[in-house]
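If you're matching them up, the sequences are chains A and B in order.
So the first sequence is numbered by numbering that gives the first Met the number 0: it starts at 0 and just counts up by one.
So the second sequence is numbered by numbering that gives the first Met the number 0: it starts at 0 and just counts up by one.
Glycine is no exception: its CB is placed at the ideal position from the N, C-alpha and C atoms.
For clarity, every value in this text was computed on a predicted model and none was experimentally measured.
Heads up: the structure comes next, in structure tokens.
There are 2 protein chains.
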Amino acid sequence: MKIDAQVFESLVEEFQQRVDKALDHWLPQADVYPLRLHQAMRYAVLAPGKRVRPVLVYATASALGIDLERVDGAAAAVEIIHAYSLIHDDLPAMDDDDLRRGRPTCHREFDEATAILAGDALQALAFYIISHDPQMTDDAAARLQMIDKLALFSGSRGMAGGQAIDLAAVGKTLNIAELETMHIHKTGALIRTCIQLVALSTSNLTRQQFKALDSYAKHIGLSFQVQDDILDVTGDTATLGKTQGSDSARNKPTFPAIIGLEASHEKAQELHQNALQALTIFGEEVDILRYISAWFVERKN
Amino acid sequence: MKIDAQVFESLVEEFQQRVDKALDHWLPQADVYPLRLHQAMRYAVLAPGKRVRPVLVYATASALGIDLERVDGAAAAVEIIHAYSLIHDDLPAMDDDDLRRGRPTCHREFDEATAILAGDALQALAFYIISHDPQMTDDAAARLQMIDKLALFSGSRGMAGGQAIDLAAVGKTLNIAELETMHIHKTGALIRTCIQLVALSTSNLTRQQFKALDSYAKHIGLSFQVQDDILDVTGDTATLGKTQGSDSARNKPTFPAIIGLEASHEKAQELHQNALQALTIFGEEVDILRYISAWFVERKN
Numbered sequence: 000m001k002i003d004a005q006v007f008e009s010l011v012e013e014f015q016q017r018v019d020k021a022l023d024h025w026l027p028q029a030d031v032y033p034l035r036l037h038q039a040m041r042y043a044v045l046a047p048g049k050r051v052r053p054v055l056v057y058a059t060a061s062a063l064g065i066d067l068e069r070v071d072g073a074a075a076a077v078e079i080i081h082a083y084s085l086i087h088d089d090l091p092a093m094d095d096d097d098l099r100r101g102r103p104t105c106h107r108e109f110d111e112a113t114a115i116l117a118g119d120a121l122q123a124l125a126f127y128i129i130s131h132d133p134q135m136t137d138d139a140a141a142r143l144q145m146i147d148k149l150a151l152f153s154g155s156r157g158m159a160g161g162q163a164i165d166l167a168a169v170g171k172t173l174n175i176a177e178l179e180t181m182h183i184h185k186t187g188a189l190i191r192t193c194i195q196l197v198a199l200s201t202s203n204l205t206r207q208q209f210k211a212l213d214s215y216a217k218h219i220g221l222s223f224q225v226q227d228d229i230l231d232v233t234g235d236t237a238t239l240g241k242t243q244g245s246d247s248a249r250n251k252p253t254f255p256a257i258i259g260l261e262a263s264h265e266k267a268q269e270l271h272q273n274a275l276q277a278l279t280i281f282g283e284e285v286d287i288l289r290y291i292s293a294w295f296v297e298r299k300n
Numbered sequence: 000m001k002i003d004a005q006v007f008e009s010l011v012e013e014f015q016q017r018v019d020k021a022l023d024h025w026l027p028q029a030d031v032y033p034l035r036l037h038q039a040m041r042y043a044v045l046a047p048g049k050r051v052r053p054v055l056v057y058a059t060a061s062a063l064g065i066d067l068e069r070v071d072g073a074a075a076a077v078e079i080i081h082a083y084s085l086i087h088d089d090l091p092a093m094d095d096d097d098l099r100r101g102r103p104t105c106h107r108e109f110d111e112a113t114a115i116l117a118g119d120a121l122q123a124l125a126f127y128i129i130s131h132d133p134q135m136t137d138d139a140a141a142r143l144q145m146i147d148k149l150a151l152f153s154g155s156r157g158m159a160g161g162q163a164i165d166l167a168a169v170g171k172t173l174n175i176a177e178l179e180t181m182h183i184h185k186t187g188a189l190i191r192t193c194i195q196l197v198a199l200s201t202s203n204l205t206r207q208q209f210k211a212l213d214s215y216a217k218h219i220g221l222s223f224q225v226q227d228d229i230l231d232v233t234g235d236t237a238t239l240g241k242t243q244g245s246d247s248a249r250n251k252p253t254f255p256a257i258i259g260l261e262a263s264h265e266k267a268q269e270l271h272q273n274a275l276q277a278l279t280i281f282g283e284e285v286d287i288l289r290y291i292s293a294w295f296v297e298r299k300n
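What follows is the structure, given as structure tokens:
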């Protein structure tokens, strides 16, 4: 399919709606015991959001000619892992945020204990989906590798580790390399997982193609975070759906704080160019991934 | 092997030491970045404990003639899931406990944010182990089923759900059926998982044998909790390693509170007898499981 800006926009919308159906399918129903826990899980996951990670999963599948139903489980699982991490990051003991995706954070809408447990149960659900979804792949060994990747990249040497580094960095002066290390863990690891889960659901990918896609994922994972830091300075709370300026207010190291706003824009653009560079071995069939990279650095929320 | 009380005791000790080696192997080293997170994970998991769940895993394997190295991963994984649940249950927003396994709770020794993240990262680690450990089984489909069970029984319809029910019950009057439902989720689900993981690591088990073992697991899962409630009344803090009387102090429903201490002892004994009853299709090769059931209701900590 020939992609232009309009086609891209409608595909993103299609993917967002598609993963919401998958999430609705896998999340426990709100009228199932224990009610409050299940309500909190649905509240946090189904809140309006960009669904960046599922969109990346579907886009990669469509670029590689993989049927989308084969990656519905992966798309739902990465969004659920992301949602659990947001619930826990927002807790008073962590970032203490009141607003997320334009609504009260989970512990504000419910209570802290329910929010902690909702996050815990969501993490288990993500692994349940990948072990359970019959549509993903018939190759049990490949599925095990997916679980392996998801566990590794979301654990102490991935996303959870990144949040620990983030918390330890509050009030400290990081250099740019340290800041990048933090984000490579906190945001980058799960972005890379999106691509890897899709790659594992097919046997038609060469080693070179896999490495190119992984390199692409590393660059957009970081550009996404640079833009996040920029928006924390330049965005407004209503558009962001979370509190503008909350990073700098908490004295968190950010790209604009360390290298300035102008250089941060340049950094994001450079990462975008590197991401495109990584894709040169592919033809226009991966144009959708090129658009995603542009979306990451041009987005306003 | 002919089991008597002394042999049983030395086997329990052997299994406890064995799982500690497996845990040490799988836990990230304390000098690996991010340090504080990894230190907290090790602190919580390697704290002296009864290792009830791993002991049950090894005992089941040895009763079924399965090499113990095939279940080292399962033993470590269930203990890690248990440890993560304790870290989160002890948080101020949950049970607000200061003492666990005779030492300050994880959030007391480190801080709340680190404790939340340590729990999160431990959960991911448990799934990583089962997807990763080369010794468990060559059968990828069986391993996927293990992950499936672990995710289901530790999630919102299992352990995490049980904790949510527990929190909702504080200050309420439950009847005995409601109390049992809570414990079937909170404690029972993970005890059943122990047996199921071992059962999945062999193809030599009949459907009837599996059902008998699962029935046994259900009964000892509940008897364990009845005894826990009894010890909360009759034990002392030093022996328990956690604060004596903390359940009743928090106005939590317990077996002694609902049916009295005498009837609670009878209930524990009845469950023990039911557990033995479930094992009648087996011979003396499962004597070790009979001893475990007795241990659960006779223990003093």
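- Of all residues in the segment 105-133 of chain B, only His106, Asp110, Glu111, Ala112, Thr113, Ala114, Ile115, Leu116, Ala117, Gly118, Asp119, Ala120, Leu121, Gln122, Ala123, Leu124, Ala125, Phe126, Tyr127, Ile128, Ile129, Ser130 and His131 place a beta-carbon less than 9 Å from a beta-carbon of chain A.
- Counting every other CB atom within 10 Å of its CB across the protein chains shown gives serine 9 (chain B) a total below 16, marking it as exposed.
- Listed along the chain, the chain B residues whose CB falls inside 8 Å of the CB of aspartate 147 (chain A) are Tyr127, Ser130 and His131.
- For leucine 98 (chain A), DSSP records a beta bridge to A:Pro103.
- Between the segment 48-68 of chain B and the segment 8-22 of chain B, the count of C-beta pairs closer than 8 Å reaches three or more; the two stretches touch.
- Restricted to the segment 171-255 of chain A, the alpha helix (DSSP H) segments that are unbroken, complete and at least 4 residues in length are 175-182, 188-199, 206-233, 236-239 and 245-248, listed in chain order.
- By a beta-carbon distance limit of 8 Å, aspartate 165 (chain B) contacts methionine 181 (chain B). Their separation comes to about 6 Å.
- Within the same chain, and ignoring the five residues on either side of leucine 121 (chain A) in sequence, the residues whose Cβ sits closer than 8 Å to its Cβ are Met40, Ala43, Val44, Ile79, Ile80, Ala82, Tyr83 and Ile86.
- Residue burial annotation: histidine 24 (chain B) is exposed, with fewer than 16 other C-beta atoms found within 10 angstroms of its C-beta.
- Straight-line measurement puts the Cα of valine 197 (chain A) at about 41 Å from the Cα of alanine 62 (chain B).
- Residue environment: proline 133 (chain B) is assigned as exposed (fewer than 16 neighbouring CB atoms within 10 Å of its CB, all protein chains considered).
- For glycine 101 (chain A), the closest C-alpha among the options A:Thr279, A:Ala237, A:Trp294 and A:Ile2 is that of A:Ala237.
- For the set B:Asp71, B:Arg50 and B:Glu179, the Cα lying nearest the Cα of threonine 136 (chain B) is the one of B:Asp71.
- Check the Cα spacing between arginine 50 (chain B) and each of B:Leu34, B:Ala60, B:Val18 and B:Ala211: the tightest is with B:Val18.
- In terms of CA proximity to aspartate 94 (chain A), A:Arg249 leads the group A:Phe223, A:Leu34 and A:Arg249.
- Interface criterion met: the Cβ of glutamine 162 (chain B) is under 8 Å from a Cβ in chain A.
- Under the 8 Å criterion on CB atoms, serine 245 (chain A) is classed as non-interfacial with respect to chain B.
- Between the segment 169-189 of chain A and the segment 220-236 of chain A there are three or more C-beta pairs closer than 8 Å, enough to call the two in contact.
- Using a Cβ-Cβ cut-off of 8 Å, leucine 212 (chain A) does not count as an interface residue toward chain B, since no Cβ of chain B sits closer than that to its own.
- For proline 33 (chain A) against alanine 4 (chain B), the beta-carbon gap comes to about 40 Å, at or over 8 Å, which does not count as contact.
- Nearest Cα to asparagine 300 (chain A) within the set A:Asp231, A:Ser263 and A:Pro252: A:Asp231.
- At least 8 Å separates the CB of alanine 21 (chain B) from every CB of chain A.
- A direct Cα-to-Cα measurement between lysine 266 (chain B) and valine 285 (chain B) gives close to 23 Å.
- Contact between the segment 267-286 of chain A and the segment 197-217 of chain A is present: 3 or more CB-CB pairs across the two stretches fall below 8 Å.
- Cβ neighbours of aspartate 246 (chain A) within its own chain (closer than 6 Å, five residues either side excluded): Asp231 and Thr253.
- Beyond the five residues adjoining it in sequence on each side, aspartate 96 (chain B) comes within less than 6 Å, by CB distance, of Asp89 and Thr104 in the same chain, given in chain order.
- When secondary structure is reduced to three states using DSSP, proline 47 (chain A) falls in the coil class, being assigned neither helix nor strand.
- Residues of the segment 78-91 of chain B that bring their beta carbon within less than 7 Å of a beta carbon in chain A comprise His87 and Leu90, in sequence order.
- DSSP, reduced to helix, strand and coil, places methionine 158 (chain A) within a helical segment of the structure shown.
- In this structure, DSSP gives asparagine 300 (chain B) a state outside helix and strand, which the three-state scheme calls coil.
- Around the Cβ of threonine 192 (chain B), a 10 Å sphere holds 16 or more other Cβ atoms; the residue is buried.
- Rounded to whole angstroms, the gap between the alpha carbons of arginine 69 (chain A) and proline 91 (chain A) is 38 Å.
- Per the C-alpha coordinates, the member of A:Leu288, A:Ser263, A:Leu67 and A:Gly154 positioned closest to glutamate 179 (chain A) is A:Ser263.
- Selection A:Glu283, A:Glu297, A:Gln28 and A:Phe7 evaluated against serine 155 (chain B) yields A:Gln28 as nearest (Cα-Cα).
- Contact annotation for methionine 93 (chain A) against chain B: Glu111, Ala112, Ile115 and Leu116 [CB-CB distance below 9 Å, chain order].
- Annotation: proline 103 (chain B) has no Cβ neighbours in chain A at a cutoff of 9 Å; minimum Cβ distance is about 16 Å.
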